[in-house]
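Report on one structure; see the data block that follows.
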Amino acid sequence: MGNPPNDKKHAVSLRLEQGSSDGNDKFQLNRHRLSNLGLVIITTFETRRAVELVCDSLDGTRKRLDLLGALESGLIELVDSGNTNLIAFDSTKSQQLGCMKIPPKPSPQHYQVRAGLRTDTTSERWKDIVRPGNSYDLRLSKNKGEKLSVGRDDEIIHFTVYDDPAPPKLFARLEMPRSCHLSGHSPFKFIIEYTTDSERPITIDKSRSPLSNVETEDKVSWPAAFGCFDSDPHPSFPEDADFVEVLPDKPWRFEYTLEKADNSQVGGLEDLESDQKYKPRIAGDALKGFSRWQFGRKKDLLSGKPEEIKRRWEIDEEKQGRLIVDSQNEPVEFNVVE
53 MGNPPNDKKH AVSLRLEQGS SDGNDKFQLN RHRLSNLGLV IITTFETRRA
103 VELVCDSLDG TRKRLDLLGA LESGLIELVD SGNTNLIAFD STKSQQLGCM
153 KIPPKPSPQH YQVRAGLRTD TTSERWKDIV RPGNSYDLRL SKNKGEKLSV
203 GRDDEIIHFT VYDDPAPPKL FARLEMPRSC HLSGHSPFKF IIEYTTDSER
253 PITIDKSRSP LSNVETEDKV SWPAAFGCFD SDPHPSFPED ADFVEVLPDK
303 PWRFEYTLEK ADNSQVGGLE DLESDQKYKP RIAGDALKGF SRWQFGRKKD
353 LLSGKPEEIK RRWEIDEEKQ GRLIVDSQNE PVEFNVVE
């Protein structure tokens, strides 16, 4: 990893940085990308005053830079790694300007701000620009922005293009009664119903749901978390109950009843306030999807000796892709009464 150029004639210096997570160098044309393709590291040598960076396709609020917009504006260049040919983009398109305030630099050893490099890899535009099996490099242009005092490092972001088929989708609906009685006489049950667009059965893991107050947006602190994860949190192989199946004609329903705490119940009702309205939602981590799944019925995928089952579940999760969950009916609300 390179360091920002130590040239104080530049008010701001930019550097590209490769992502460090698994699969970050893979550009999938048929699968939505959840993470940044890389980072733009922003540094200033101003020690007393902030610097404002104004740039095409920059979202200063969320600290994101749109890759296609940056390529069209000429800030970033795309190069075919195999033949070093520069891929041309239409630079006549008008881009939306964004700005980001860069605070003074208290130490010469660190950067101030990072901006994520974002793009929709499934866009039809990318299918016209890159080719599956080819590798490409992103680099900061040396020829744009010269009238601005912006330094640019030589670091690159490298990726290879793949056109693996998209995995099926999951759709989740959150259901519950419109009113919750603190007395507990009328059971208050959360239900998450999962369906799929797959024509074949799939076996996956479970998920969980958090809650927040509509007026205050404060999250309710439950006495216990419930649910299952998309990978085994324990050293041993998951139990059979950790796996569920979703069929084309039969959804899977996850149910949880909120009850008063006692020696046999974890509770939850006591954490709600009377005469308040609450807005539950499916957890954001759950909507990021599940990487541990397979086509097939649960009874078939978990049949045989333990060693056989473990081998059967030694799958290439990256090649197979992640199951994305689409929430269908949020937001939903319920009232709390005595």
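The opening position of the sequence shown corresponds to residue 53 in my numbering, with each subsequent residue numbered one higher.
C-beta atoms are modelled at their ideal positions from N, C-alpha and C, and glycine is treated no differently.
Item	Value
Length of the line joining the Cα atoms of Asp323 and Tyr330	12 Å
Nearest-angstrom Cα separation, counted from Ser355 out to Asp294	15 Å
Validate contact between the stretch 112 to 126 and the stretch 66 to 81 using beta carbons, cut 8 Å, 3 pairs	no
Buried/exposed call for Asp327, threshold 16 Cβ in 10 Å	exposed
Residue from Asp352, Thr174, Gly134 whose Cα sits closest to the Cα of Asp189	Gly134
Element boundaries [alpha helix (DSSP H), containing Trp345]	That residue, Trp345, is in no alpha helix (DSSP H); it is neither H nor E in DSSP.
Which listed residue (Val377, Phe347, Leu130) has its alpha carbon closest to that of Thr255	Phe347
Continuous beta strand (DSSP E) stretch holding Arg204: start and end	202 to 204
Glu307 (DSSP reduced to helix, strand or coil)	strand
Proximity to Phe79 [Cα-Cα], best of Val384, Glu370, Arg364, Trp365	Glu370
Beta-carbon spacing of Arg252, Glu297 below 8 Å	no
Rounded separation between Lys194 and Val202 - CA only	10 Å
Residue interval of the beta strand (DSSP E) (run including Asp180)	First-last for Asp180: 176 to 181, but that is the alpha helix (DSSP H), not the beta strand (DSSP E).
Complete runs of the alpha helix (DSSP H) confined to the stretch 84 to 143 [at least 4 residues]	119 to 125
Exposure label - Ala140; buried when at least 16 CB within 10 Å	exposed
Neighbourhood of Gln147 by C-beta distance below 7 Å, restricted to the same chain and skipping five residues each side	Asp108, Ser109, Gly121, Glu124, Ser125
Under the three-state DSSP convention, the category Ala293 falls into	helix
Contact set for Asn381: own chain, Cβ-Cβ below 7 Å, skip 5 residues either direction	Arg225, Leu226
Close beta carbons around Val103, own chain, < 7 Å, minus the five adjacent residues each side	Ala63, Val64, Thr96, Ile154
Enclosing alpha helix (DSSP H) for Ile361 [first to last residue]	358 to 364
For Arg100, the nearest candidate out of Pro184, Pro156, Met152 (CA to CA)	Pro156
Per-residue burial, Leu149 [other beta carbons within 10 Å of its own, 16 or more giving buried]	exposed
Beta-carbon contacts of Pro184 that lie in its chain and below 7 Å, excluding the five residues immediately before and after	Leu81, Val213, Tyr214, Asp215
Distance between beta carbons of Ser250 and Pro300, contact taken as under 8 Å	6 Å
Cα-Cα separation, Glu167 to Leu91	Reading off the sequence, residue 167 comes out as Ala, not Glu. In a straight line, the C-alpha of Ala167 is about 6 Å away from that of Leu91.
Same chain, Cβ closer than 8 Å to Arg83, neighbours up to 5 away in sequence not counted	Thr173, Thr174, Asp216, Ala218, Pro219, Gly373, Arg374
Assigned exposure category for Asn88 - 16 Cβ within 10 Å defines buried	buried
Pairwise C-alpha distance: Leu234 and Phe278	With a pLDDT of only 44 at Phe278, under 50, the local geometry of the prediction cannot be trusted, and no value is derived from it.
Residues that Gln70 bridges to, as DSSP identifies them	Gly90
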